[in-house]
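Numbering (the numbering used here), first residue to last: 54 to 252.
The beta carbon of each residue, even a glycine, is placed where N, CA and C say it ideally should be.
Given the structure is predicted, the values throughout are model-derived calculations rather than measurements.
Right, one structure below, let's go through it.
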Ligand SMILES: [Zn+2]
């Protein structure tokens, strides 16, 4: 913050770059900046608001940096909506129980279909190796699920899907369901943490 940097003897503009008032402390950015106060008073649903406060503070801080370094600033309603979304995502995750979880990275696929088939085969192979006999396989790959469930409708992919079909014979009871990735919450959040949060 400006106050902090000034105390170390560096010359910078000590005013808050968002509202123009003197003394940009962390307290100012998060609580007393006119902008933060406007956001805090804009609470339409109170219980939703209370549970999203930690995300709101984080987003206020992020907003300050975005404005300072990139000249971007979100609207209060945008920040409010985002913080409530983050809070409800987090609360949902607390209710999901992930029993087993594994990851695989690979390269050299011929095309997207090849990659999808390899991934599905790996998932089924893992279930089979773990001796899990009753499985509901859920994913957003309508094509893969289609070619397994109705191979007649996908004649040109018969060869491609054969490894996956063979692997499925090791599982005594299985079902495949097309599901939008946001509904497959546990898997979605694990995948997002790997691809976007560099974990
Ligand atoms: Zn301010």
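By the DSSP assignment, the beta strand (DSSP E) with residue 189 in it spans what residues? Indexing the chain shown from 1 puts residue 189 at position 136. Residues 187–192.
With distance defined between alpha-carbon atoms, name the residue in 213, 115, 84 nearest to residue 165. Along the chain shown, read from residue 1 onward, the residue named residue 165 stands at position 112. Among 213, 115, 84, the Cα nearest to that of residue 165 belongs to 213.
Do you know offhand how far residue 122's Cα is from residue 116's? Taking the chain shown and counting its residues from 1, the one referred to as residue 122 is at position 69. Taking the chain shown and counting its residues from 1, the one referred to as residue 116 is at position 63. For residue 122 and residue 116, the distance between alpha carbons rounds to 10 Å.
So if DSSP puts residue 82 in a beta bridge, which residue, or which two residues, is it bridged to? The sequence position of residue 82 within the chain shown is 29, counting from 1. Residue 82 pairs with nothing; no bridge assigned.
Collapsed DSSP secondary structure at residue 108 in the structure displayed: Here residue 108 corresponds to residue number 55 of the chain shown, with the count starting at 1. If DSSP states are grouped into helix, strand and coil, residue 108 belongs with the helices.
Taking 5 Å as the limit, tell me which residues put their C-beta closer than that to any heavy atom of ligand 1, in chain order. 69, 71, 72, 86
How would you write the range of the beta strand (DSSP E) that residue 228 sits in, first residue to last? As a position in the chain shown, residue 228 is number 175, starting the count at 1. Counting along the chain, the beta strand (DSSP E) containing residue 228 begins and ends at 226–231.
Taking the alpha helix (DSSP H) that residue 248 falls in, what are its first and last residues? The sequence position of residue 248 within the chain shown is 195, counting from 1. Residue 248 -> alpha helix (DSSP H) spans 238–248.
Taking residue 170 as the reference, which of 109, 189, 199 has the closest Cα? Your numbering for residue 170 matches position 117 in the chain shown. With distances taken between Cα atoms, residue 170 lies closest to 199.
Look at the alpha carbon of residue 152 and the alpha carbon of residue 189, and state the distance between them as a whole number of angstroms. Against the chain shown, residue 152 aligns to sequence position 99. Against the chain shown, residue 189 aligns to sequence position 136. So the alpha carbons of these two residues sit roughly 14 Å apart.
Does DSSP classify residue 75 as helix, strand or coil? In the chain shown, the residue the question calls residue 75 occupies position 22. In this structure, residue 75 counts as strand in the three-state DSSP scheme.
Could you tell me the distance, in whole angstroms, from the CA atom of residue 181 to the CA atom of residue 219? What you label residue 181 is simply residue 128 of the chain shown in a count that begins at 1. What you label residue 219 is simply residue 166 of the chain shown in a count that begins at 1. Those two C-alpha atoms are separated by around 11 Å.
Could you have a look at residue 203 and say whether DSSP puts it in helix, strand or coil? Start at 1 with the first residue of the chain shown, and residue 203 comes out as number 150. Note: residue 203 maps to coil in three-state DSSP.
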